[in-house]
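Single-structure report; data block below.
There are 2 protein chains.
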Amino acid sequence: MPDIAIPREAKARLSEASLRRKPTINDVARIAGVSFGTVSRVLNDAPDVSAATRQRVLQVIKDIGYRRNRAATALVTRRSTSIGILSAGSPRFGPVGTLMALENVARKKGYATTVISVEQPYAESVQAALDTLDDIGVGGIIVIAPVVDMAAAVWSAACRVPVEMIAAGASSTPNVFTYSENQELGARLATQHLIDLGHTDIAHVAGSMDWFDGRVRKRGWEAALRDAGLAPGLCLEGDWSPRWAYETGLQLVREDSIPQAIFAASDHTALGLIRAFAENGIRVPDDVSVVGFDDIEGSDYFLPPLTTVRQDFTALALMSMEVLIGAMEGREVDRTPTAPTLVVRKSSTHATPPRVQPPKDT
Amino acid sequence: MPDIAIPREAKARLSEASLRRKPTINDVARIAGVSFGTVSRVLNDAPDVSAATRQRVLQVIKDIGYRRNRAATALVTRRSTSIGILSAGSPRFGPVGTLMALENVARKKGYATTVISVEQPYAESVQAALDTLDDIGVGGIIVIAPVVDMAAAVWSAACRVPVEMIAAGASSTPNVFTYSENQELGARLATQHLIDLGHTDIAHVAGSMDWFDGRVRKRGWEAALRDAGLAPGLCLEGDWSPRWAYETGLQLVREDSIPQAIFAASDHTALGLIRAFAENGIRVPDDVSVVGFDDIEGSDYFLPPLTTVRQDFTALALMSMEVLIGAMEGREVDRTPTAPTLVVRKSSTHATPPRVQPPKDT
DNA sequence: ATCACTAGCGTAAACGTTTACGGCGGTCCC
DNA sequence: GGGACCGCCGTAAACGTTTACGCTAGTGAT
Numbered sequence: 015m016p017d018i019a020i021p022r023e024a025k026a027r028l029s030e031a032s033l034r035r036k037p038t039i040n041d042v043a044r045i046a047g048v049s050f051g052t053v054s055r056v057l058n059d060a061p062d063v064s065a066a067t068r069q070r071v072l073q074v075i076k077d078i079g080y081r082r083n084r085a086a087t088a089l090v091t092r093r094s095t096s097i098g099i100l101s102a103g104s105p106r107f108g109p110v111g112t113l114m115a116l117e118n119v120a121r122k123k124g125y126a127t128t129v130i131s132v133e134q135p136y137a138e139s140v141q142a143a144l145d146t147l148d149d150i151g152v153g154g155i156i157v158i159a160p161v162v163d164m165a166a167a168v169w170s171a172a173c174r175v176p177v178e179m180i181a182a183g184a185s186s187t188p189n190v191f192t193y194s195e196n197q198e199l200g201a202r203l204a205t206q207h208l209i210d211l212g213h214t215d216i217a218h219v220a221g222s223m224d225w226f227d228g229r230v231r232k233r234g235w236e237a238a239l240r241d242a243g244l245a246p247g248l249c250l251e252g253d254w255s256p257r258w259a260y261e262t263g264l265q266l267v268r269e270d271s272i273p274q275a276i277f278a279a280s281d282h283t284a285l286g287l288i289r290a291f292a293e294n295g296i297r298v299p300d301d302v303s304v305v306g307f308d309d310i311e312g313s314d315y316f317l318p319p320l321t322t323v324r325q326d327f328t329a330l331a332l333m334s335m336e337v338l339i340g341a342m343e344g345r346e347v348d349r350t351p352t353a354p355t356l357v358v359r360k361s362s363t364h365a366t367p368p369r370v371q372p373p374k375d376t
Numbered sequence: 015m016p017d018i019a020i021p022r023e024a025k026a027r028l029s030e031a032s033l034r035r036k037p038t039i040n041d042v043a044r045i046a047g048v049s050f051g052t053v054s055r056v057l058n059d060a061p062d063v064s065a066a067t068r069q070r071v072l073q074v075i076k077d078i079g080y081r082r083n084r085a086a087t088a089l090v091t092r093r094s095t096s097i098g099i100l101s102a103g104s105p106r107f108g109p110v111g112t113l114m115a116l117e118n119v120a121r122k123k124g125y126a127t128t129v130i131s132v133e134q135p136y137a138e139s140v141q142a143a144l145d146t147l148d149d150i151g152v153g154g155i156i157v158i159a160p161v162v163d164m165a166a167a168v169w170s171a172a173c174r175v176p177v178e179m180i181a182a183g184a185s186s187t188p189n190v191f192t193y194s195e196n197q198e199l200g201a202r203l204a205t206q207h208l209i210d211l212g213h214t215d216i217a218h219v220a221g222s223m224d225w226f227d228g229r230v231r232k233r234g235w236e237a238a239l240r241d242a243g244l245a246p247g248l249c250l251e252g253d254w255s256p257r258w259a260y261e262t263g264l265q266l267v268r269e270d271s272i273p274q275a276i277f278a279a280s281d282h283t284a285l286g287l288i289r290a291f292a293e294n295g296i297r298v299p300d301d302v303s304v305v306g307f308d309d310i311e312g313s314d315y316f317l318p319p320l321t322t323v324r325q326d327f328t329a330l331a332l333m334s335m336e337v338l339i340g341a342m343e344g345r346e347v348d349r350t351p352t353a354p355t356l357v358v359r360k361s362s363t364h365a366t367p368p369r370v371q372p373p374k375d376t
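Respectively, the protein sequence lines represent chains L and S. Residue numbers for the first sequence follow the working numbering, so the first one is 15 and each next one is one higher. Residue numbers for the second sequence follow the working numbering, so the first one is 15 and each next one is one higher.
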């Protein structure tokens, strides 16, 4: 029951390929009638080889399908063309997106990536992972450290190669430098949006304070409130899960202490909240405005579609790779954090009754 | 503004580490007072070394922090301890979960993984990725091929090392063998659940037929219906997106052709459907039962919580790694597909009026 | 014609391992 | 006491590159 026709020649090609040993630089040299030194020179774009010879060698390389053996190169040059990525095992939204993007830009820059994911307790697993990466011979390491404990483990670990940490709002140290999205700005954007809508009682259903994301998003919410001269609202700290948010929403209903507007630390958090409200006849956004963070897939089809904050993982990956490779090659690279954007949908609306009629904009 | 105290000794440790060149097998030999041959023997657990000497060497290795240089080993043994993973760029739910699990079990088996993700058009990108992996020197490759086009590209590509494809319901070929979750069973489970609830008019809002997942899930739905002696229901083929499902739901409402029950090809699809219904006063599950597929994070907090099918990615990864490594080492490994499970929540309920009163179970 | 210089190329050594082989004591058996 | 054997260990060669150096033939100046 093949779904697709299988090309006849495929099998033949395979056996042919596996029989023939991988050609080496010497094979190329012999066929091209030069010494291996000359081949090496054309491989490395070195001077001291005539145009004609270069052409000929290049042709042979293409003909016999020569590819340079990376192990041999790494062995003799002592530098590697691979970089390691250390990530937390948790498949939460942010980390995974960053991971994919990272691999992409690394490959485009000629580096292979090998990723290792670690779990709690971080004290041991992080050092072990760093060692494994060192074993493999990576030239640099990017660690995606969403939780504070993991970052701490990285800070106190020993490592021979440059280490860059992607951790929102964490500080750089002499041996580990840090890069991140400006999530505090994202949180400010979300909160300011609510303020602009005329809300004055804006709560924050936060993520975990064990996560940098949780800390920084809270900080942004606080700052926006402060800058607007508003009193700090209610802040409930949780664990990112829809379940916890749901319980929290239920509690808010029970205590009849639902605020005008809520900045939820993540879309999943918003999801739990909204369900708790919906089950109790409280309408979003009519009775309470909610804005999330992450713009996960499907958040535009929640009930109602969620106003949220989107991060640009591709840009983040691009910049941080730039920074790491720069460090590996001894260059100094400018690093300004990338900025997230607010995407306004249906879960947030004007305060009712509006204290100040907001300027009308179609 | 450091969030965490930075250990004082960290900096000192780094410079110490980076100054000292990586110790080699010769360093170990010299310090232990043996020849490098002996050290090599203890490293490889070879015989012909006395217990006392082995102890001494092991101690030195630990003392000076020796770690074997993988490039050198790979060079001389011509076999590698790394495996390549080829994945589609699309960050859809399934692929990512599989990816993480794969890396985990590979590492536990002593293999490093390097993943490359490819994009359309697959004809070129797949061959290029395979070549890159070959460059790096992987000993085997697992490709996660959710879409048919990508699988086709793999089938017709040339590759020196064993290739295993994870693709639901695709067939094995001489050079590419296939492994997958039994998703057809998952779809049958979901459909059977609806049948057990007394529904007879069961539609399928399908995924894309360009995806194996889409094809196989549809096949399972058809089979379950057939086995129950039910007429084939309505089948709408889409693209997995909540947006498309939403439009489709709207159309169903417009035509007043909403079935008793719907098996949605994914949770995201279910999400779009439910929103379309909710906006038009059609209640789930009272007016229409919906079951999804994937059990994405948060699906237990949709409105209503979604009945869905969960796959065991960890088991899948474990099995398929077993199979690949077996192939790399020339062993033959048993491969029976892993099975998904149904998780019943609130989006599905009895048919109304129930044609047959279903047996009462608390 | 001689010299210095250079463009183009070849050669040797090194990178850190593994593997095949050879050697050297000691023990056992006749 | 002399061979055979074995446990333990050292040595050389190889893996496929890069890099430093050296050589040769041609060119231009004197």
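Ideal Cβ positions, reconstructed from N, Cα and C, are used throughout, including at glycine.
For chain S, the residues of the stretch 147-162 of chain L that bring a beta carbon within less than 7 Å of one of its beta carbons are ASP148, ASP149, ILE150, GLY151 and VAL162, in chain order.
The Cβ atoms of PHE226 of chain S and VAL267 of chain S do not sit closer than 8 Å to each other.
Nearest CB-CB separation between GLU198 of chain L and chain S: not below the 8 Å threshold.
Assignment of GLU261 of chain L by DSSP, reduced to helix, strand and coil, places it in the helix class. Non-local C-beta neighbours of ALA290 of chain L in its own chain, meaning closer than 8 Å and more than five positions away in sequence, comprise ALA259, TYR260, GLU261, THR262, GLY263, LEU264, LEU266 and VAL267, ordered along the chain. With a threshold of 8 Å between beta carbons, VAL298 of chain S makes no contact with chain L. DSSP places HIS207 of chain L within a helical segment (H, G or I) once states are collapsed to three. The contact set of GLY263 of chain S on chain L, defined by CB atoms closer than 7 Å, is empty, because the minimum CB distance reaches about 10 Å. DSSP places ARG324 of chain S inside the beta strand (DSSP E), whose first and last residues are 322-324.
Considering only L:LEU211, L:THR192, L:PRO318 and L:ALA167, the residue with the shortest C-alpha distance to ALA331 of chain L is L:THR192. It is roughly 6 Å from the alpha-carbon of ASN40 of chain S to the alpha-carbon of PHE50 of chain S.
Close CB contacts of VAL63 of chain L within its chain, under the 7 Å cut and outside five residues either way in sequence, are with THR52, ARG55 and VAL56 (chain order). Between GLY306 of chain S and SER280 of chain S, the C-beta spacing is below 8 Å. Here PHE307 of chain S carries a coil assignment [DSSP, helix/strand/coil]. The beta-carbon of TYR260 of chain L is placed less than 8 Å from the nearest beta-carbon of chain S. Straight through space, the alpha carbons of GLY295 of chain S and THR128 of chain L are spaced by roughly 50 Å. Under the three-state reduction of DSSP, MET223 of chain L is assigned to coil, being neither helix nor strand. DSSP places ILE339 of chain S in the uninterrupted alpha helix (DSSP H) bounded by 327-342. As summarised for the stretch 32-71 of chain S, the continuous alpha helix (DSSP H) elements at least 4 residues long and confined to that stretch are 39-46 and 50-57, given in chain order. Taking the beta carbon of GLU311 of chain S as reference, the chain L residues within 7 Å of it are HIS282, listed in sequence order.
Looking at the DSSP output, THR128 of chain S bridges to S:GLY98. Interface with chain L (8 Å Cβ-Cβ cutoff): MET335 of chain S is excluded.
Interface residue (Cβ-Cβ distance to chain S less than 8 Å): ASN294 of chain L is not classified as such. The alpha-carbon of VAL219 of chain L is positioned some 22 Å away from that of ILE310 of chain S.
Using a 10 angstroms sphere on the CB of GLN206 of chain S, the tally of other CB atoms reaches 16 or more, which defines it as buried.
Ranked by Cα distance from PRO354 of chain S, the first of S:GLN69, S:VAL347, S:ALA329 and S:ARG233 is S:ALA329.
A residue is called buried once 16 or more other Cβ atoms fall within 10 Å of its Cβ, and ARG35 of chain L, having fewer, is exposed.
Of the residues assessed, ASP348 of chain S falls on the exposed side of the cut-off, its CB having fewer than 16 other CB atoms within 10 angstroms. By the 16-neighbour rule on beta-carbons within 10 angstroms, ARG93 of chain S is exposed.
Here the stretch 234-250 of chain S does not lie against the stretch 160-179 of chain S, with fewer than 3 beta-carbon pairs under 8 Å apart.
Counting along the chain, the unbroken alpha helix (DSSP H) around LEU287 of chain S starts and ends at 281-293.
Considering only L:ILE276, L:SER186, L:ILE156 and L:ALA166, the residue with the shortest C-alpha distance to GLY212 of chain L is L:ILE276. Residues of chain L whose Cβ lies closer than 8 Å to the Cβ of THR127 of chain S are, in chain order, THR128 and VAL129. Under the Cβ distance rule, ALA85 of chain L counts among the residues neighbouring chain S, one pair being separated by less than 8 Å. Taking 8 Å as the CB threshold, ASN58 of chain L stays off the interface with chain S.
Each residue's CA atom was taken as its position, placing ARG84 of chain L and THR38 of chain L some 12 Å apart.
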